[in-house]
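If you're matching positions, the sequence shown starts at 28 in this note's numbering and goes up one per residue.
Heads up, the beta-carbon is just placed ideally off N, CA and C, and yes, glycines get one too.
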Amino acid sequence: MSGTITKRCGCRDAAGRQLNGSCPKLTQRTHGLFSLKLELPPREDGTRRRFRRSGYKTKGDAQTDINALAALLDIADKKSDPDGRRRIADLLETVAASGEDIPDYDETKRRFATGQSLTQHMTVAEWLDTWLAGKKALRKSGETRYEVDIRCHLKPRIGHVRLDRLTVQHLDEMFAGIAETNADIHDANMERRAALDELKTIPWKGLENRSRRKFLKSAIDEMPPFRRITGPSSQKHVRDTLRAALNTAIARGAIIFNPASYVELTPAKRPKAMVWTPERVEAWVRTGERPSAVMVWTPEQAGQFLDFLAESKHRLLPLFHLITFRGLRRGEACGVRWADYSAESRSMTIATQLVQDGWEVIESLPKTDSGERVFSIDEYTAEVLEAHRTKQAAERCQWGAAWIESGRMFTQEDGERIHPGWLTDQFERLVELSGLPSIRLHDLRHVAASLMLAAGVDVKIVSETLGHSDSRITRDIYQSVMPKAAAEAAEATAAMVPRGAARLPHQRAVEAAPEQDGHTTATHEGAKIIAFRPRLVGA
Numbered sequence: 028m029s030g031t032i033t034k035r036c037g038c039r040d041a042a043g044r045q046l047n048g049s050c051p052k053l054t055q056r057t058h059g060l061f062s063l064k065l066e067l068p069p070r071e072d073g074t075r076r077r078f079r080r081s082g083y084k085t086k087g088d089a090q091t092d093i094n095a096l097a098a099l100l101d102i103a104d105k106k107s108d109p110d111g112r113r114r115i116a117d118l119l120e121t122v123a124a125s126g127e128d129i130p131d132y133d134e135t136k137r138r139f140a141t142g143q144s145l146t147q148h149m150t151v152a153e154w155l156d157t158w159l160a161g162k163k164a165l166r167k168s169g170e171t172r173y174e175v176d177i178r179c180h181l182k183p184r185i186g187h188v189r190l191d192r193l194t195v196q197h198l199d200e201m202f203a204g205i206a207e208t209n210a211d212i213h214d215a216n217m218e219r220r221a222a223l224d225e226l227k228t229i230p231w232k233g234l235e236n237r238s239r240r241k242f243l244k245s246a247i248d249e250m251p252p253f254r255r256i257t258g259p260s261s262q263k264h265v266r267d268t269l270r271a272a273l274n275t276a277i278a279r280g281a282i283i284f285n286p287a288s289y290v291e292l293t294p295a296k297r298p299k300a301m302v303w304t305p306e307r308v309e310a311w312v313r314t315g316e317r318p319s320a321v322m323v324w325t326p327e328q329a330g331q332f333l334d335f336l337a338e339s340k341h342r343l344l345p346l347f348h349l350i351t352f353r354g355l356r357r358g359e360a361c362g363v364r365w366a367d368y369s370a371e372s373r374s375m376t377i378a379t380q381l382v383q384d385g386w387e388v389i390e391s392l393p394k395t396d397s398g399e400r401v402f403s404i405d406e407y408t409a410e411v412l413e414a415h416r417t418k419q420a421a422e423r424c425q426w427g428a429a430w431i432e433s434g435r436m437f438t439q440e441d442g443e444r445i446h447p448g449w450l451t452d453q454f455e456r457l458v459e460l461s462g463l464p465s466i467r468l469h470d471l472r473h474v475a476a477s478l479m480l481a482a483g484v485d486v487k488i489v490s491e492t493l494g495h496s497d498s499r500i501t502r503d504i505y506q507s508v509m510p511k512a513a514a515e516a517a518e519a520t521a522a523m524v525p526r527g528a529a530r531l532p533h534q535r536a537v538e539a540a541p542e543q544d545g546h547t548t549a550t551h552e553g554a555k556i557i558a559f560r561p562r563l564v565g566a
């Protein structure tokens, strides 16, 4: 299979017949073009096939391609791997028919070694489907998030690109397109919001007003609904999803480069947790604006909320009490079972959670491996839970045969499990009724972390109680959230260094300085080293 090279031209004789290789001018260097022919291994049915290509200006160019074709065929051993040579021949036959460039030797060798198809090229969309289907250990929430990223962003924008030809430029263009879509969504939301605000100002009475309202409502119906933009955090997650999928493709030998690792995005800033201080509460009452997406109640405010529930005898007081002091996630609180609680050792195990998928509720493992944890219950919380057990037993007797035995610690009145979305709605309604500044249900978890840190609990124990995978996460989010603890630390730090009265603020220096002629020699004799003791927060 050494191949042959011939030279031909398009000249014709007097009768109009093409001369091909018999043209006398072919001896001239610039006349005619070279073509090659290489015998390929026969097809599976035994029929012959050849690789043909023409249009070479020099014989050397044709010989270079023959050498490349021979090298590709030699990837599979001629004697021991006839099936492999047939696979490569299938590839070369396809290339000859399509006129594509001769395949790269290294890429073909890699694809051959990993058992991939040599004649078919997978697109990004096809690979993403294959990758997601192979993620057997995913929790339902993780699978849903990956599916949304793939369906809403990756497939529509880069799904058509061949997997082995995906570049950083493709991804830059994808995220630029997301930014343009965000701008369109923002403008559409502003237009719809302005129309709704205008509708509120139009009186109901009067023929002209009714006509205006009808026209405006019709215009609003034609506008796109309110939509959320794909913010920095969501864009980062889209990139991370693609990067994970491409890393698997690299591991399987489908590609050798991951462009998602080299895309730069606008950094996503985590909302900073802030405490509802009196000044912030006053500003919120005046403007209705929250200082941060993540707000935390003070210990006093948390106590007021629990007292409000106790005074109104709300049946879910124990649930909110447990989240406030132990920091359970919403799904964990809905999913905790009596079997997970030991009254004797006063300990609770988080082994399951109820996850909301759309409006459907699915029971699954905790959010992360570190979310599967055991923590202690204080004496007062244990009393609250025992009182709740007694009340639940009374409800079971009252419902009789209609009672639904779910085994959950917190249920509806008939024993049915609590829907996580319903619980969020109930919490928001109760906060509004209590008159306290608004926080999210998840922010009760932040309250628990802040209380433990302010009480001097070691950050490692706080992290394990909350189910964080790393105590650094706990420190980054919560360490500076309690202003009183920070103020005590500042005072203790300042008191560590004795100073002369001359260096005190002017007014205090005058009060402390004795009468002197010319200058003062007084010292700051009252300075003490104050040991910083964490504040204890009562249950």
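Assigned exposure category for residue i - 16 Cβ within 10 Å defines buried
i: Arg-112; result: buried
i: Ser-490; result: buried
i: Val-524; result: exposed
i: Pro-130; result: buried
i: Cys-424; result: exposed
i: Ala-206; result: exposed
i: Leu-471; result: buried
i: Met-201; result: buried
i: Arg-39; result: exposed
i: His-58; result: exposed
i: Arg-178; result: exposed
i: Thr-417; result: exposed
i: Thr-492; result: buried
i: Arg-313; result: exposed
i: Thr-135; result: buried
i: Leu-383; result: Looking at the sequence shown, residue 383 is not Leu but Gln. So Gln-383 counts as buried.
i: Ala-42; result: exposed
C-beta atoms of residue i and residue j nearer than 8 Å
i: Glu-406; j: Ala-378; result: no
i: Ala-370; j: Ala-409; result: yes
i: Arg-237; j: Leu-226; result: no
i: Arg-114; j: Leu-165; result: no
i: Pro-53; j: Lys-84; result: The identity of residue 53 in the sequence shown is Leu, whereas the question assumes Pro. No, they are not a contact pair.
i: Thr-275; j: Trp-158; result: yes
i: Leu-349; j: Leu-343; result: no
i: Ile-461; j: Gln-331; result: Here residue 461 is Ser; the residue named in the question, Ile, does not match the sequence. Yes.
i: Leu-463; j: Gln-328; result: yes
i: Asn-285; j: Arg-270; result: yes
i: Arg-76; j: Ala-116; result: yes
i: Ser-374; j: Ser-339; result: no
i: Val-458; j: Ser-465; result: yes
Alpha carbon of residue i to alpha carbon of residue j, nearest angstrom
i: Leu-155; j: Ala-272; result: 7 Å
i: Met-436; j: Glu-390; result: 15 Å
i: Thr-141; j: Gly-280; result: 6 Å
i: Ala-320; j: Leu-234; result: 44 Å
i: Lys-456; j: Leu-333; result: One detail in the question is off: residue 456 reads as Arg in this sequence, not Lys. The alpha-carbon atoms of Arg-456 and Leu-333 are separated by roughly 14 Å.
i: Arg-80; j: Leu-190; result: 28 Å
i: Gly-186; j: Val-265; result: 13 Å
i: Gly-169; j: Glu-422; result: 36 Å
i: Arg-192; j: Leu-119; result: 20 Å
i: Pro-541; j: Ala-522; result: Residue confidence is low: Pro-541 scores 48 on pLDDT, short of 50, so the model does not pin down where it sits. Its coordinate-derived value is still stated next. Roughly 22 Å separates the two Cα atoms.
i: His-469; j: Val-323; result: 10 Å
i: Ala-539; j: Phe-352; result: In this prediction, Ala-539 has a pLDDT of 48, which is less than 50 and means its spatial position is unreliable; nothing more can be read from the coordinates.
i: Glu-443; j: Ile-431; result: 6 Å
i: Pro-69; j: Phe-78; result: 12 Å
i: Leu-480; j: Trp-303; result: 17 Å
i: Gly-37; j: Ala-124; result: 22 Å
i: Pro-252; j: Asp-441; result: 38 Å
i: Ala-246; j: Gly-204; result: 28 Å
i: Gly-48; j: Ser-62; result: 11 Å
i: Ala-300; j: Arg-254; result: 26 Å
Assumed close pair residue i, residue j - CB separation to whole angstroms, cut-off 8 Å
i: Leu-381; j: Gly-358; result: 5 Å
i: Gly-494; j: Pro-393; result: 7 Å
i: Thr-268; j: Asp-176; result: 4 Å
i: Leu-100; j: Gly-82; result: Between Gly-82 and Leu-100 the Cβ distance is about 22 Å, and since that is not below 8 Å, they are no contact.
i: Val-401; j: Thr-376; result: 5 Å
i: Ile-93; j: Leu-65; result: 6 Å
i: Asn-209; j: Ile-256; result: 4 Å
i: Ala-278; j: Leu-198; result: Contact flag wrong, Cβ pair sits at about 20 Å.
Does the segment 297–309 come close enough to the segment 208–219 to have 3 or more Cβ pairs within less than 8 Å? At 8 Å Cβ cutoff, the stretches do not touch.
Counting pairs of beta carbons, one from the segment 360–369 and one from the segment 439–455, are three or more of them closer than 8 Å? These segments touch.
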